[in-house]
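For the sequence shown, the working numbering begins at 229 and goes up steadily by one.
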Amino acid sequence: MATIGNSFRGIIDHYASTNRNGDVIPAIEALHRLNPLMQDAHVIDCNDGSGHISRIRTGLGDVAWGQLYKGIIQSKGTSMQVRDTTGFVERLATIDTRYLEKVKNPAAERADEANVALEAIAQDVQVNFFYADTATTPERFKGVAARYNSITNGGAAATQIIDGGGTGSSNTSIWILGWGPSGTSLITPEGSTAGVQRKDMGVQRVYDEQNRPYFAKEEYFRQDIGVKVADWRQNVRIANIDINAVKAGTVDLFALLRRGYYKMQNRRDTLIENTDGNVTGIKPVIYMNRDLLEALDALSTNSGASDNKIRLMPEEIAGKEIKGYREMPIRETDALINAEQRVI
């Protein structure tokens with residue numbers, strides 16, 4: 229069983245380096261636990277307030293073989309400047325003070341309600357990470373699907389999209405994301421506590437659905453977050469996977485994963501080293517929903533005495549065993565839906 233290092237600078241590491249408000253630590257830890265993206269993501273502060281300006285490499289330039297007494301050909305790499313934005317999602321955890329007076333452990337009740345609020349935030353962030361588009365929801369951020377959304381007219385990123393063959397509207401996607409400074413990063417507003425806020429608002433006068441007042445204890449949670457893709461070649465979207473065909477057993481998921489693996493720009497450089505505080509390389513992680521993971525698990529199960537192949541290898545990350553493919557961990561997320569429109 230392969231062991232994958234987890235010294236990557238994630239959201240908890242990013243916050244620890246800021247050494248700010250201790251009240252937010254439990255919220256950050258909860259979001260890290262509830263959101264599989266947070267367990268692998270490379271996280272950085274924005275360099276332009278609540279946005280981040282990046283140069284995306286679009287070409288390497290030319291080189292030339294030299295000759296004695298001949299000059300050097302003039303060439304340079306090409307790039308384009310983009311500005312990625314952040315959005316924020318917020319939630320109140322509210323409990324009637326009369327209820328808290330009756331229970332034996334009001335602190336535990338408030339903690340349970342807070343966990344529900346954080347889980348709702350975590351789920352919403354996951355969905356928007358994949359599907360948000362500032363063209364239609366400008367208050368949010370640009371997710372990865374909006375960057376890899378066309379095979380025929382998607383520009384350079386189109387080469388990183390694999391067509392899984394589905395033609396209807398019951399499709400889903402597998403994502404291979406290359407986390408890292410030269411790949412994909414989550415961005416948080418400059419100077420924030422890793423983009424997470426937690427405030428105990430105390431006792432507040434609130435209103436029921438009939439506009440009648442009562443008193444409740446409230447806790448406020450907020451997460452500011454966005455996405456930066458520095459190099460489109462570090463990610464792969466395996467789109468148009470018909471979930472009905474998957475359940476019928478007519479889709480070769482391993483063949484699709486193999487195609488995705490060989491589209492990864494830095495597939496051979498999967499080891500992250502962070503010995504001096506700097507992160508190098510790319511950390512590739514596979515994301516799919518539970519239906520695809522179940523189907524993949526079934527395909528990897530030996531089907532008889534003559535079948536002794538081992539197709540889906542267990543990996544170990546931070547002491548936890550998870551499924552993996554070619555030393556890339558596979559994360560399950562229900563944010564990836566089974567009703568995607570066909571990507572063409």
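Glycine included, C-beta positions come from ideal geometry on N, C-alpha and C.
Own chain residues within Cβ distance below 8 Å of residue 504, not counting five before or after
With a pLDDT of 47 at residue 504, under the threshold of 50, the modelled position of this residue cannot be trusted; read the value that follows with caution. Once the five neighbours on either side are set aside, residue 504 has no close Cβ partner at all.
Could you name the residues of the same chain whose beta carbon sits closer than 8 Å to that of residue 566, not counting the 5 residues immediately before and after it, in chain order?
398, 399, 400, 471, 517 and 519
Pick from 511, 568, 572 and 571 that is closest to residue 558, judged by C-alpha positions:
511
CB contact flag (residue 451, residue 252, <8 Å):
no
Own chain partners of residue 171 with C-beta closer than 7 Å, once the 5 adjacent residues on each side are dropped:
Outside the displayed span of the chain (229 to 572) sits residue 171, for which this structure offers no information.
Check whether the region 330-350 and the region 399-417 touch, using three or more Cβ-Cβ pairs below 8 Å as the test.
no
Ignore the nearest five residues each way along the sequence and tell me which others in residue 561's own chain have a CB closer than 6 Å to its CB.
264, 354 and 515
Should residue 368 and residue 348 be called a contact, given that it needs their Cβ atoms to be closer than 8 Å?
no
Based on DSSP bridge pairs, tell me the residues matched to residue 444.
324 and 432
Quick check on the DSSP output: the alpha helix (DSSP H) that includes residue 475 runs from which residue to which?
471-476
Please work out which residues of its chain come closer than 6 Å, Cβ to Cβ, to residue 317, disregarding the five sequence neighbours upstream and downstream, and give them in chain order.
349, 352 and 451
Could you tell me which residues DSSP pairs with residue 490 in its beta bridges?
In the DSSP output, where bridge partners are listed per residue, residue 490 has none listed.
Just checking my contact of residue 272 with residue 308 at CB under 8 Å: how many whole Å lie between their CB atoms?
Wrong, their Cβ atoms sit about 19 Å apart, outside the cutoff.
Candidates 392, 366, 476 and 257, of which the one nearest residue 523 by Cα
476
Alpha carbon to alpha carbon, how far is residue 312 from residue 521?
31 Å
Please check the pair residue 571 and residue 463, which I expect to be a contact at CB under 8 Å, by giving their CB distance rounded to whole angstroms.
Between residue 463 and residue 571 the Cβ distance is about 14 Å, and since that is not below 8 Å, they are no contact.
Alpha carbons only, please: which of 314, 408, 327 and 266 is nearest the one belonging to residue 461?
408
According to DSSP, what are the bridge partners of residue 425?
450
For residue 403, which residues of its own chain have a beta-carbon under 8 Å away from its beta-carbon, when the five flanking residues on both sides are left out?
358, 372, 463, 464, 465, 466, 514, 515, 516 and 564
Could you check what DSSP says for residue 386 in three-state terms: helix, strand or coil?
helix
Using three-state DSSP, classify residue 515 as helix, strand or coil.
strand
With a CB to CB cut of under 6 Å and the five nearest residues on each side skipped, what residues in its chain are close to residue 493?
461 and 462
Buried versus exposed call for residue 525 [16 or more other C-beta atoms within 10 Å across all chains shown]
exposed
CB-CB under 6 Å to residue 244, same chain, minus the five flanking residues each way: which ones, in chain order?
Summary for residue 244: the model assigns pLDDT 49, below 50, so the residue's position carries little reliability, and this model does not support an answer.
Check whether residue 469 and residue 392 have beta carbons under 8 Å apart
yes
Exposed or buried, what is residue 486 when buried is set at 16 or more other beta-carbons lying within 10 Å of its beta-carbon?
exposed
Once DSSP output is grouped into helix, strand and coil, what is the label at residue 333?
coil
Can you check which of these residues, 267, 431 and 484, is closest to residue 327 by C-alpha distance?
431
Where residue 403 falls: helix, strand or coil (DSSP):
strand
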